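Counting the sequence shown from 1 gives a position; this note's numbering is that position plus 13.
Every residue, glycine too, gets a C-beta built ideally from N, C-alpha and C.
Every value quoted in this text rests on a predicted model; they were computed, and no experiment measured them.
Some notes on the structure that comes next.
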Amino acid sequence: MGRKACMLVATFVVFNALSAQRNVSAPEPFGPVPTAAQVAWQRMEMNMFCHFGPNTFTGLEWGDGTEPEDVFNPSSLDCGQWVAVAKGAGFGGIIITAKHHDGFCLWPNPESDHTVRQSAWRGGNGDVLAELSEACRKGGVKFGIYISPWDRNAPTYGTPAYNKVFLKTLRHAHTNYGPIFEQWFDGANGEGPNGKRQVYDWKKFNAQTRRLQPDAVIFSDVGPGCRWVGNETGICGRTCWSRLDISGYGPGADAPAQDILNAGNYNGECWVPAETDVSIRPGWFWRESEHPKSVKELMDIYYSSVGRNSLLLLNVPPDDRGLIPAEDSLRLVEFRSALDGVFKMDIAKKADLIVSSNVRSSHKKTRGKDTSYYDPHTLVDDDYDTYWATDDSATSAWVLFRFNEPQTINRVMLQEYIPLGQRVEKFHIEIQDADGSWHTVAEETTIGYKRIVLMETVKARSVRVHIDRSRACPVLNRLGLFHDDESYK
Ligand code: FUL
């Protein structure tokens, strides 16, 4: 064997020994776990919702489907501007209301005669989905689609034929505009133009969506990809499990109670994380008389959504020109700068000592030093896939951050490594004052993908997070300490 080949074999053996060691002792997943697409989705953290359609021009929230197509006539639609606004705010994706309850389609859907094609806009040749999907692709923002099954215009609504029309409608939207990251199914189900209600074939809607867009996370009240948080005010439960029982339930009237959606099920059979949808304005659609929320309100929403193990889907409605108004885009810039002001500087990274009560016993030699794959220092690295884990038997444990100089802190951010499931069910935080005394400053339940604990501002010499009860050994990939000076309004 030549020298090169020998070295290759040796490297291979060492590599395998290390990965085998890691595999042997890596924590087992606990309970249902997310798919790769659900992990990628959750890591987006904040996306932008755009409610846009005839209601933008009539001032209604729910059009009744009789609006003449010509009502839809944006004077200067520019989806590139929407994308720029989204990127500036830090949204990774945009979801557009391709068809709201009034049935009007923002694309020339061949299954309907109530679309942009029948409108005067761009002489009937316009296509909002084409323009937005292209602008998203160019801008590196993901593209998602909201389509309401409830349709107050479709003549077949309320008959089995409508399910077929809806499937073809979906197929058209899912095959002509590239990959979509999320399909949003609204659970609202009222009467159609003939006063009838529809029995939806959710099984087929989901199966076809999966087939045509395998990476799309499917939203409905009960998933299967992600679930409604149970309110439209931006508040996820302080206890929030990403697990949900879905057998026997369905979207709309068949959904579990709203407080269940808000908190999830402790022993839920499926991984169906919460999505918090809320509007930056009082309504979902743009109205001249309404204005965006303050930065303070947006920060509160951020803390009660992203900070409580859910994804924030913030609605920013374009106006009747087809542009996001200056006051909303400015507010989003201010919101972004408030977020950066808090989260750009992670005080935990400056800790002089990081220790934990238990480290999973699996070690490797790094440049002669004995270190662990599961060392708590992984909590402050920027690698999503490295984590602090304890031995299987240690379902309670603590981790301590000590500073030579006391630090001003009022936010503690924790993240569980969700590819291995959601585990922690009870934790508390203690701080050590500058004078050396210890105080409990927070007692909470779940963590999940991300948890941001708000507490009084303290000058801390040490911060200790106690995992009081975990359903399998705790596995955390991030712990951050921050200070929010709340100087925004
Ligand atoms: C609800 C709809 O009825 C509202 O108009 C809005 O689209 C909201 C996001 O979902 O079910």
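TODO: Jot down the residue ranges of each uninterrupted alpha helix (DSSP H) in the stretch 241-289, minimum 4 residues, whole runs only, in chain order.
DONE: 271-276
Task: Residues near G208 in its chain [Cβ-Cβ closer than 8 Å; skip 5 each side] - done: G171
- [ ] Say yes only if the C-beta of W297 is nearer than 8 Å to one or more non-hydrogen atoms of the ligand FUL, and no if none qualify.
- [x] yes
Open item on the list: From the DSSP secondary-structure annotation, give me the bridge partner or partners of H479.
Closed with: W411, H441
Task: P42 (DSSP reduced to helix, strand or coil) - done: coil
Task: Expected contact under 8 Å - CB spacing of F416 and D353 to nearest Å - done: Going by Cβ atoms, the distance from F416 to D353 rounds to 23 Å, so no, they are not a contact pair.
- [ ] Below 7 Å CB to CB, which residues in the same chain sit around P338 once its five sequence neighbours on both sides are set aside?
- [x] Here the set comprises D332.
- [ ] Determine the contact status of P173 and F198, defining contact as a CB-CB distance below 9 Å.
- [x] no
TODO: Quick one: using the 10 Å Cβ neighbour count with 16 as the cut-off for buried, is Q271 buried or exposed?
DONE: exposed
Open item on the list: Check this for me: beta carbons of R424 and A485, under 9 Å apart or not?
Closed with: no
Open item on the list: Here's a check: name, in chain order, each residue in its chain whose Cβ is nearer than 7 Å to the Cβ of V37, leaving out the five neighbours to either side.
Closed with: Model confidence at V37 stands at a pLDDT of 40, short of 50, so the residue's coordinates are unreliable; what they give is reported in the following sentence. Counting only Cβ-Cβ distances below 7 Å, and skipping sequence neighbours, we find nothing.
Open item on the list: Please determine whether the Cβ atom of A301 lies at a distance below 8 Å from any heavy atom of the ligand FUL.
Closed with: In the sequence under discussion, the amino acid at residue 301 is Glu, which differs from the Ala named in the question. No, Cβ of E301 sits at least 8 Å from all heavy atoms of the ligand FUL.
Task: C-alpha distance - Y279 paired with T252, whole-angstrom precision - done: 10 Å
Task: Three-way DSSP call (helix, strand, coil) for K472 in this model - done: strand
Task: 6 Å Cβ shell around G236 - same chain, five flanking residues per side excluded - done: Closer than 6 Å at Cβ, skipping near neighbours: V285.
Open item on the list: By DSSP's criteria, N328 is part of a beta bridge. Which residues make up the other side?
Closed with: Answer is F62, S292, bridged to N328.
TODO: Please work out which residues of its chain come closer than 6 Å, Cβ to Cβ, to P295, disregarding the five sequence neighbours upstream and downstream, and give them in chain order.
DONE: E303
Open item on the list: Is D446 close to the ligand FUL? I mean its beta-carbon at under 8 Å from any heavy atom of the ligand.
Closed with: no
Open item on the list: Taking 8 Å as the cut-off, is the C-beta of S507 nearer than that to any heavy atom in the ligand FUL?
Closed with: Because the chain here runs from 14 to 502, residue 507 falls outside it and cannot be looked at.
Task: chain C contact for G281 (CB, 9 Å cutoff) - done: Given the protein chain composition of this structure (a single chain), no chain C is represented.
Open item on the list: Please report the distance separating the alpha-carbon of Q420 from that of P305.
Closed with: 35 Å
TODO: Compare the beta carbon distance of L492 and V478 with 9 Å and say whether it is the shorter of the two.
DONE: yes
Open item on the list: Measuring only from the beta carbon, is A201 closer than 8 Å to any heavy atom that is part of the ligand FUL?
Closed with: yes
TODO: Grab me the residues of Q94's own chain with a C-beta within less than 6 Å of its C-beta, minus the 5 sequence neighbours each way, in chain order.
DONE: L336
Task: Per-residue DSSP class, three states only, for W451 - done: In this structure, DSSP gives W451 an extended state, which the three-state scheme calls strand.
- [ ] Return the residue from the list G157, A186, R344, K502 that minimises the CA-CA distance to P123.
- [x] The shortest C-alpha separation from P123 is found at A186.
TODO: Hey, could you find the ends of the beta strand (DSSP E) R321 is sitting in?
DONE: Note, R321: premise wrong, no beta strand (DSSP E); not H, not E.
TODO: Work out the CA separation of A102 and V319 for me, nearest whole Å.
DONE: 15 Å
Task: Three-way DSSP call (helix, strand, coil) for Y159 in this model - done: strand
Task: Nearest-angstrom Cα separation, counted from T48 out to I460 - done: 19 Å
- [ ] Could you tell me if the beta carbon of N275 falls within a distance shorter than 8 Å of some heavy atom in the ligand FUL?
- [x] no
TODO: Take the Cβ of S450 as the centre, count every other Cβ of all protein chains shown within 10 Å, and call the residue buried at 16 or more, exposed below.
DONE: exposed
- [ ] Taking only heavy atoms of the ligand FUL into account, decide whether any of them is closer than 8 Å to the Cβ of T110.
- [x] yes
TODO: Evaluate contact between the stretch 343-357 and the stretch 308-319, counting only Cβ atoms and requiring at least three cross-stretch pairs below 8 Å.
DONE: Output reads yes: the stretch 308-319 touches the stretch 343-357.
Open item on the list: Check for me: the beta strand (DSSP E) holding Q196 runs from which residue to which?
Closed with: 195-198
- [ ] Pick helix, strand or coil for G137, following the three-state DSSP scheme.
- [x] Helix, per DSSP.
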